[in-house]
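Following my numbering, the numbering of the sequence shown begins with -6 at its first residue and continues without gaps.
Cβ atoms here follow ideal geometry from the backbone N, Cα and C, with glycine treated the same way.
All values reported here derive from a predicted model rather than from experimental measurement.
Below is one structure, written out as structure tokens; the observations come after it.
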Amino acid sequence: LAKAKPKIGSRKKVRIGLRRNARFSLRKSARRITKGVIHVEASFNNTIITVTDPQGRVVFWSSAGTCGFKSSRKASPYAGQRTAVDAIRTVGLQRAEVMVKGAGSGRDAALRAIAKSGQADTVGIALRRALLGEIEGTCITRAKFGSVPHEYSTIVGIEESVQEILLNLKEIVLRSNLYGVRDASICVKGPRYITAQDIILPPSVEIVDMAQPIANLTEPIDF
-6 LAKAKPKIGS RKKVRIGLRR NARFSLRKSA RRITKGVIHV EASFNNTIIT VTDPQGRVVF
54 WSSAGTCGFK SSRKASPYAG QRTAVDAIRT VGLQRAEVMV KGAGSGRDAA LRAIAKSGQA
114 DTVGIALRRA LLGEIEGTCI TRAKFGSVPH EYSTIVGIEE SVQEILLNLK EIVLRSNLYG
174 VRDASICVKG PRYITAQDII LPPSVEIVDM AQPIANLTEP IDF
């Protein structure tokens, strides 16, 4: 006997299938980025997480409702946590800024989930930069090399370029309680290695690491 031809579903069932497929394909095709902005919108009936790239374009969004939570459970802290984890894992974020809006109960749980996923580094780096910017200290701020026109020049008889010498000078750690600007100098003749101990400093300044390299003179020239 021939098998009966399967019946075509109703129009309502076809619409439901299309909506589910469209939502699944949207999540599957979410663009993966390593750096972006996480927008946490926590209301008293839902928690919505939107991820945008540095240019402000929406990459992915998730909510407690799309994660399977219904009615009053959508505003629970656990729903906010699951929503944040879903967004971060889908996009693959490693570093992000966090923007918070709303005072819903899922807000703090979503922030904790973001921190546990490694996004706390962003807050830590910003806090570190702010604190270091307010700390006063002694360091080398500028250097003068005779008739060198710019920092990308090279000096005959010196292995390092001017830019490499400047980077080595920035690595020197100084200890002092003075305020204002003081002058220091280096006066040596090659061939030899120049280290931090060759710097002639004012009495109120001392160098922490005397062995810090500065340059290598390969010819008998004055530096």
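Host alpha helix (DSSP H) of residue i (start-end)
i      : result
Ile158 : 155 to 163
Opposing strand residues paired with residue i [DSSP bridges]
i      : result
Phe138 : In DSSP, Phe138 forms no bridge with anything.
Asp79  : According to DSSP, Asp79 bridges with nothing at all.
Thr188 : Pro206
Ser197 : Ser197 pairs with nothing; no bridge assigned.
Ala177 : DSSP, once it has assigned bridges, lists no residue as partnering Ala177.
His32  : Thr43, Met92
Ile215 : Checking the sequence shown, residue 215 turns out to be Asp, not Ile. Lys182, per the DSSP bridge assignment.
C-beta contact flag for residue i and residue j at 9 Å
i      : j      : result
Ser36  : Gly95  : yes
Lys188 : Ala204 : A quick correction: the sequence has Thr, not Lys, at residue 188. A contact, by the Cβ cut-off of 9 Å.
Val33  : Asp46  : no
Thr27  : Ala80  : no
Thr40  : Ala57  : yes
Arg135 : Gly85  : no
Through-space distance from residue j to residue i, alpha-carbon basis
i      : j      : result
Ser169 : Pro196 : 10 Å
Ile207 : Ile158 : 6 Å
Ala123 : Ile214 : 43 Å
Arg75  : Leu125 : 35 Å
Phe17  : Phe62  : For Phe17, the predicted model reports a pLDDT of 37, less than 50, meaning its position is unreliable; a value from the coordinates is still stated below. Answer to the nearest angstrom: the Cα atoms are 17 Å apart.
Phe216 : Val201 : 23 Å
Phe138 : Glu129 : 27 Å
Asp191 : Arg185 : 11 Å
Leu167 : Thr131 : 6 Å
Ile179 : Leu120 : 37 Å
Thr211 : Glu153 : 10 Å
Val78  : Val155 : 48 Å
Asn38  : Val51  : 23 Å
His143 : Gly150 : 17 Å
Leu160 : Gly173 : 22 Å
Glu127 : Cys60  : 44 Å
Phe53  : Glu90  : 15 Å
Arg20  : Met92  : Only weak support is given to the placement of Arg20: the predicted model assigns it a pLDDT of 46, under 50, and the question is left unresolved by the model.
Ser140 : Leu171 : 30 Å
Limits of the unbroken beta strand (DSSP E) element including residue i
i      : result
Arg50  : No beta strand (DSSP E) holds Arg50; DSSP gives it neither H nor E.
Leu167 : 167 to 169
Ser59  : Strictly speaking, residue 59 in this sequence is Thr, with Ser absent from that position. Thr59 -> no beta strand (DSSP E), and no H or E assigned at all.
heavy atom of the ligand MG below 8 Å from residue i C-beta
i     : result
Thr76 : Among the components modelled here there is no ligand, and therefore nothing to report on the ligand MG.
Spatial neighbours of residue i in its chain, beta-carbon cut-off 7 Å, leaving aside the 5 residues before and after
i      : result
Arg175 : Pro195, Val198
Ile133 : Leu162, Lys163, Ile165
Cβ-based neighbour list, residue i, same chain, cut-off 8 Å, excluding 5 preceding and 5 following
i      : result
Val181 : Ile187, Asp191, Leu210, Asp215, Phe216
Gln48  : none
Cβ neighbours of residue i in the same chain (closer than 6 Å, five flanking residues each side left out)
i      : result
Ser146 : Val155
Ile148 : none
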